[in-house]
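Trainee: Okay, here's the structure, questions in a sec.
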Amino acid sequence: MDINYRVANQSDASAIASLHTKSWQNTYHTMLKAEYLSQVAPNERLTLWQSRFATENSKQHVIIASHQSKLVGFICVYADHNAELGSLLDNLHVDGHYHGNGIAKQLMSMATQWLQANAKHPSIYLEVLSGNHHAIKVYERLGAKRVKAGVWHAPCGSVVDEFVYQWSDKTQLSEYQHSV
Numbered sequence: 001m002d003i004n005y006r007v008a009n010q011s012d013a014s015a016i017a018s019l020h021t022k023s024w025q026n027t028y029h030t031m032l033k034a035e036y037l038s039q040v041a042p043n044e045r046l047t048l049w050q051s052r053f054a055t056e057n058s059k060q061h062v063i064i065a066s067h068q069s070k071l072v073g074f075i076c077v078y079a080d081h082n083a084e085l086g087s088l089l090d091n092l093h094v095d096g097h098y099h100g101n102g103i104a105k106q107l108m109s110m111a112t113q114w115l116q117a118n119a120k121h122p123s124i125y126l127e128v129l130s131g132n133h134h135a136i137k138v139y140e141r142l143g144a145k146r147v148k149a150g151v152w153h154a155p156c157g158s159v160v161d162e163f164v165y166q167w168s169d170k171t172q173l174s175e176y177q178h179s180v
């Protein structure tokens with residue numbers, strides 16, 4: 001499968017927001033309110049992505065994956081986001097029709113390379129909802145360790161358990177990606 005990867009820009013905001021929403025609808029339908037996912041999240045995600053691209057942020061890096069000009073995945077990382085936990089892997093979404101093609105792995109590899117060049121803190125972390133079992137398995141297989149547990153007060157009023165996973169060293173994640 002011919003997948004193209006590139007750094008995202010403002011013109012990608014709508015497509016990213018659409019995939020972000022679709023991913024939430026497919027993954028979080030048992031954790032978040034249906035009305036929120038169908039009626040509020042689409043505009044909310046669009047506003048979020050438009051604002052992320054509206055101003056230059058040297059700490060933010062977004063990479064997209066496309067197949068035949070269709071956005072099929074994206075990742076967003078923030079260098080040195082947290083003094084204790086390191087750089088934040090804030091978003092990683094792949095269209096369900098494209099799961100199993102190595103897109104998430106390639107996006108993570110490219111983001112890790114960027115973080116190695118642009119982040120001073122050695123660690124990478126992410127937050128994942130406890131009900132997102134597939135993602136948790138992937139992160140654990142890639143060597144992430146659960147370092148915290150908490151709750152997310154979702155915009156729809158739901159309170160959802162979440163975990164923080166961390167790779168203590170960026171190179172550790174890169175090594176796992178090459179061996180998996």
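Start counting the sequence shown at 1; every next residue gets the next number (the UniProt record's numbering). Here a beta-carbon is modelled for each residue, glycine too, at the ideal position from N, C-alpha and C. Because the structure is a prediction, the values reported are computed rather than measured.
1. Write down every uninterrupted run of the beta strand (DSSP E) in the stretch 39 to 71 whose length is 3 residues or greater and which is fully enclosed by it, in chain order.
2. Is Tyr165 helix, strand or coil when you go by DSSP?
3. Hey, how far is the Cα of Trp167 from the Cα of Gln25?
4. Short of 7 Å in beta carbon distance, which residues of its chain neighbour Ala79, apart from the five on each side in sequence? Order them along the chain.
5. Could you give the DSSP three-state label for Phe74: helix, strand or coil?
6. Does Ile124 come out as helix, strand or coil in the three-state DSSP assignment?
7. Sort Ser14, Lys33, Phe163 by Cα distance to Tyr125 and report the nearest one.
8. Classify Asp12 as helix, strand or coil using the three-state DSSP reduction.
9. Give the range of the beta strand (DSSP E) segment to which Tyr5 is assigned.
10. Measure the alpha-carbon distance for Leu46 versus Gln10 and round it to whole angstroms.
11. Considering Cα atoms alone, identify which of Thr30, Trp49, Ser51, Thr21 is closest to Tyr38.
12. So is Ala111 buried or exposed if we call it buried at 16+ other beta carbons inside 10 Å?
13. Using only the alpha-carbon positions, how far apart do Ala65 and His29 sit?
14. Closer than 6 Å by C-beta to Ile16: which residues in its own chain qualify, once you throw out the five before and the five after it? Chain order, please.
15. What span of residues does the beta strand (DSSP E) with Leu88 cover, start to end?
16. Sort Met31, Pro122, His97 by Cα distance to Val128 and report the nearest one.
17. With 16 as the cutoff for other CB atoms within 10 Å, does Asn57 come out buried or exposed?
Mentor: In this structure, then:
1. The DSSP assignment places complete beta strand (DSSP E) segments of no fewer than 3 residues inside the stretch 39 to 71 at 60 to 67, in order along the chain.
2. Secondary structure of Tyr165 (DSSP, three-state): strand.
3. Their Cα atoms are separated by approximately 28 Å.
4. Excluding sequence neighbours, Ala79 sits near Lys59, Ser87, Leu115, Asn118, Ala119.
5. Of the three classes helix, strand and coil, the one that applies to Phe74 here is strand, per DSSP.
6. In the structure shown, Ile124 sits in a strand (DSSP, three-state: E or B).
7. By alpha-carbon distance to Tyr125, the top candidate from Ser14, Lys33, Phe163 is Phe163.
8. Residue state, collapsed to three classes: helix.
9. Here the beta strand (DSSP E) through Tyr5 covers 4 to 7.
10. Between the C-alpha atoms of Leu46 and Gln10 there is a straight-line separation of about 11 Å.
11. Strictly speaking, residue 38 in this sequence is Ser, with Tyr absent from that position. Nearest of Thr30, Trp49, Ser51, Thr21 to Ser38, Cα basis: Thr21.
12. Classification for Ala111: buried.
13. Those two C-alpha atoms are separated by around 24 Å.
14. Taken in chain order, the residues that qualify are Trp49, Phe74.
15. Taken as a continuous stretch (DSSP letters only), the beta strand (DSSP E) holding Leu88 covers 86 to 94.
16. Closest option to Val128, Cα to Cα, is Met31.
17. Exposed.
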